[in-house]
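First to last, the sequence lines map onto chains A and B. Numbering of the first sequence is given in full-length UniProt numbering, commencing with residue 1 and proceeding in unit increments. Numbering of the second sequence is given in full-length UniProt numbering, commencing with residue 1 and proceeding in unit increments.
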Amino acid sequence: MSPRVTRLVLGLAAPLLALVAAFAITSLVLIIAGDPVGGVWSTILQVPAERNMANIINNATVLYLSGLAVAVGFRMNLFNIGVDGQYRVAAFTAAVVAGEAWLPGYLNTALAIVCAMAVGAAWAGIAGVLRATRGVSEVISTIMLNFIATGLVAYLLRKVAVREAGSNEIGTKEIPEGSRIPSIPFSDNPAISLYGFLVIAAFFGFLFWFVLNKTRFGFDLRATGQSTTAAVASGINVTRMTIGALLISGAIAGLVGLPILFGDAYAYGSTFQSGLGFAGIAIALLGRNNPVGIAVGALLFAFLDEQSNPLQIIIGVSPDIVAITQGVIVLTVVVSYEVVRRYGVRLEQRHVARALEQSDEPPAPTAGTGHDESKGVTA
Amino acid sequence: MSTPAPAPAAPPAGEAPLAVRLRGIGKRFPGVIANDDVNIDVRRGTIHAIVGENGAGKSTLVKILYGVQAPDSGTIEISGELVSLGSPADAIKQGVGMVFQHFMLADNLTVLENVVLGAEKLHGIGGAARAEIKRISDAYGLGIEPDHLVEDLGVGARQRVEILKVLYRGARVIILDEPTAVLVPQEVDELFHNLRGLKAEGLAVIFISHKLDEVLSVADEITVIRRGTTVRTVDPVGVTARQLAELMVGSELPSPSTEASTVTDKVLLHIAHLSLPSPEGRPLLDDISFDIHKGEVLGIAGVEGNGQAELVESIMGMRKGATGDVVLHGRDLSTTSTRGRREGGIGYIPADRHRHGLLLDAPLWENRVLGHQTREPSASRGLIDKRAARADTQRIIDEYDVRTPGVDTLARALSGGNQQKLIVGREMAGAPILLVAAHPTRGVDVGAQGAIWAHIKKARREGLAVLLISADLDELIGLSDRIEVILRGRLVGSFDPSDVTPQQLGSAMTGAGDDTTSRETA
């Protein structure tokens, strides 16, 4: 096998290994708790109905964007824990801008999306500047910014909110119909459809791949992630890259809430979906920060969420069991990637040694058996 | 090739009982045989040197003897008893102690605290321990004061603390891994004096080195290791360094000797009043000025930690706060970024290739791009040109004899010498004006060393200016047209390599000014 094929096979082996381990551990938890293992898995692993399928893809779209946002940071060894806060302030901003409808139709949509990205980037940029200029760990600062974001949005929501008739819920003004993103039909039933934002998410997935793998900026970013010291010596301005990476991460995080906003909720209210940022961390890990891998991870998480819903009704098991599965996946995936990585390095070293032994010239001294004319010691 | 090998004579201490007996030691790593059929006898009251080039398997052997790694085959006997060493703790229990090349001391603790750390059970942490340290220090002439802070000690004294630590734990066999690498010649003499003291007390000293002159002067027996196996054990009396080296390498040696001077009077690099302040007091670099001409190699000699790394990194624009002028071929680069300086024509072979030179987990072609992201052929118009970068990587592999299956191999999988050859090839790409080479042959095998020397000489012939930093004085003398000595961040002396001895350089490096020994104890 060529090294590239080997790397691909190894890359797939790791998440599979992690999944198997996660399912085994979840089963163990079920057995200990005395719940029906077979029943749980047969409910979760059944083929989803059309309606559920659409839900899975829609949720996966949201999770995908969250995973991408985290992955940008991961590629540079930055832990953007703050996607949660970034998407909240961004979705709120987008909802206000789109609700005010200063521009007509899709111009309004475009403006709202740009504003969301800018606000998300700015929110993450605070952590970037603190990290680059003051050495504050972005883990700490983004977690703190999450709290501030939650408080800030709740506070501002009261200022701009309109109360819906007959409800205690408050929310921003509804987005006018002309600015909503049309859904993609999924079945004969017009009620079952996909977020139109899916296309935009896929585009950002492509952009992520292109920028990271094809451009100089992406090379600099990956190089900095692999070795800051080597990056500095090669002439990369690490300070600028740190801020840049967090800005981009935040900008993508700004998109996370938008599929829901423009395809379903049409307003930002006090019940707007939360916790999407943390799922993104798990999904980025599972997907190895690779745009295709993240898509698979997002689909898997969305699948588990959706399929666990009827557990309570059908066999009386709390659907929270899949949260355990998801959590365990994150742990096992980290372990199995490391195991597979080490195995891959050994394989590669062996491959190099073998390739060099076959060549005519003797290989580097450590890599050969050598034939010596005199051996032995004096007694 | 001349037949090496004086006949193995009976070692002088042939009657003394065996302290260590290794038989048929083998250790394989995937794809690499680190040790194969290693047989060594070390007698009490002797200094036994193990020599071999980098990568010959010395470190693996030492790790096996110190219990860090388990051998795949073979037996270890200590004082006639068959032992199995599962961990360093086992080794210490058997009376085997180790002094590592990189000291393992806590700077902010005293000597006493460092010595008792982890061995509190032996003599406690108070007066009894202090008395024991004094006793050992006096018995072996180490000159160690238990209550001094380690951070106040010089390199030589720190090494003696390490030796004392090992003795304190009751070692009868002491392994020293490349102990002279960090010392200047005068300190080396002192170390050898101490080692002879240990030997006189009946201890066995195992001395790992690749500096043959030192080995010849101190060892009672020398075992040569090549490609993981013991080639021969010789008596230092009646064997020359050259014969030993040929045993090590198995063939004729390359030597760094300079060719006819190619120095011109055209200044390519002009450094003036380069200073780098440090937050705590004494500046790291203090008013350094020098010129390097077209076709000239300027060597910088100095004990490690006297500003060499800071000098290189300031020239490369990697140090914030550096002041002074860096002018390359008439262009002032003093305020230019590292990338700008590289684009301006500086090639950089960093001292630590794993930290500064390579992306270990990236394929070779990406490593070719590193540092050249903005230049042809690696990139064009903001995009990485993968095809051209791969093609040029293949060119480097061919021209610089990088032994690798292909351009997709991860840098980590290559041996040190091949990694370094790739770096040299990369830095010579793009027609540099100045080559900054920091320890270019550190940790590479003799074959790669010769090749890298040849490339530096070629660069000089082609009219580059070369700044060479090295801890290997022979390398400096052999390659340089001029040698400047750096001490505490200042250039303190300029020497002509054609009539300077390592001893003279060593004196200048310690600031002794003459050849008298300066002891660095506090």
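For each residue, glycine too, the CB sits at the ideal point set by N, CA and C.
Excluding residues up to 5 positions away in sequence, V182, A471 lie with their Cβ nearer than 7 Å to the Cβ of B:E304 in the same chain.
About 5 Å separates the beta carbon of A:L30 from that of A:V37, a gap short enough to meet the 8 Å contact definition. When secondary structure is reduced to three states using DSSP, A:Y64 falls in the helix class.
Distances from the CA of B:L364 to each of B:G371, B:Q419, B:D398 were compared; the closest alpha carbon is that of B:Q419. In the pairwise beta carbon analysis, the stretch 242-251 of chain A is classified as not touching the stretch 368-381 of chain B: fewer than three pairs are separated by under 8 Å. Under DSSP, B:N35 takes part in a beta bridge, and its partners are B:K27. A:F206 counts as exposed, since fewer than 16 other C-beta atoms from the protein chains shown sit within 10 angstroms of its C-beta. As the crow flies, the alpha-carbon of B:R442 is around 32 Å from that of B:G45. Using a 10 angstroms sphere on the CB of B:M104, the tally of other CB atoms stays under 16, which defines it as exposed. Between B:D220 and chain A, the shortest Cβ-Cβ separation is not below 8 Å. Taking C-alpha positions only, B:H148 is separated from B:T223 by approximately 38 Å.
Around B:I384, the beta-carbon contacts reaching into chain A at under 9 Å are N213, K214, T215, R216, G218, F219.
Distances from the alpha-carbon of A:L103 to those of A:I175, A:F147, A:L300 put A:I175 closest. With distances taken between CA atoms, B:A129 lies nearest to B:V115 out of B:Y140, B:L434, B:V115. Across the stretch 338-363 of chain B, CB contacts with chain A closer than 7 Å involve T338, R339, R342, Y348, P350, R355, H356, G357, L358, L359, D361, A362, in sequence order along the chain.
Separation of B:A139 and B:A204 (C-alpha to C-alpha, rounded to the nearest whole angstrom) is 16 Å.
Beta bridge pairing from DSSP links B:F207 with B:A49, B:L176.
Secondary structure note for A:G280: its alpha helix (DSSP H) is the uninterrupted segment 276-286. In terms of CA proximity to A:G128, A:I143 leads the group A:I143, A:C115, A:V114.
Within the stretch 242-261 of chain A, no residue has its Cβ closer than 8 Å to any Cβ of chain B. The Cβ atoms of B:V83 and B:Q94 lie closer than 8 Å to each other. Using a CB distance cut-off of 8 Å, B:G202 does not count as an interface residue toward chain A. Approximately 16 Å separates the beta-carbon atoms of B:L298 and B:L285; this is outside 8 Å, ruling out the contact. Given a length threshold of 4 residues, each whole run of the alpha helix (DSSP H) inside the stretch 262-338 of chain B is given here in chain order: 308-315. Within chain A, R216, G235 have C-beta atoms less than 9 Å from the C-beta of B:T374, given in sequence order. Relative to A:G277, the option among A:I32, A:V96, A:E50, A:A149 whose CA is nearest is A:A149. Interface with chain A (8 Å Cβ-Cβ cutoff): B:L487 is excluded. The beta carbon of B:E151 is closer than 8 Å to those of D107, N108 in its chain, skipping five residues each way along the sequence.
Just measuring C-alpha positions, the residue of B:A301, B:V173, B:I206 sitting nearest B:A91 is B:V173.
B:L505 and B:I483 do touch by the CB rule: their CB atoms are close to 7 Å apart, below 8 Å. Taking 8 Å as the cut-off between beta carbons, the residues of the stretch 392-415 of chain B near chain A are R403, T404, P405, G406, D408, T409, L410, R412, A413, L414, S415, in sequence order.
The DSSP-derived three-state label of A:D264 is helix.
The three-state secondary structure of B:S137, taken from DSSP, is helix.
The C-beta of A:T229 comes closer than 8 Å to at least one C-beta of chain B. Within the DSSP secondary-structure output, B:E484 pairs in a beta bridge with B:I300, B:S494. For B:L117, no chain A residue has a C-beta closer than 8 Å to its own C-beta; the minimum C-beta separation is roughly 30 Å.
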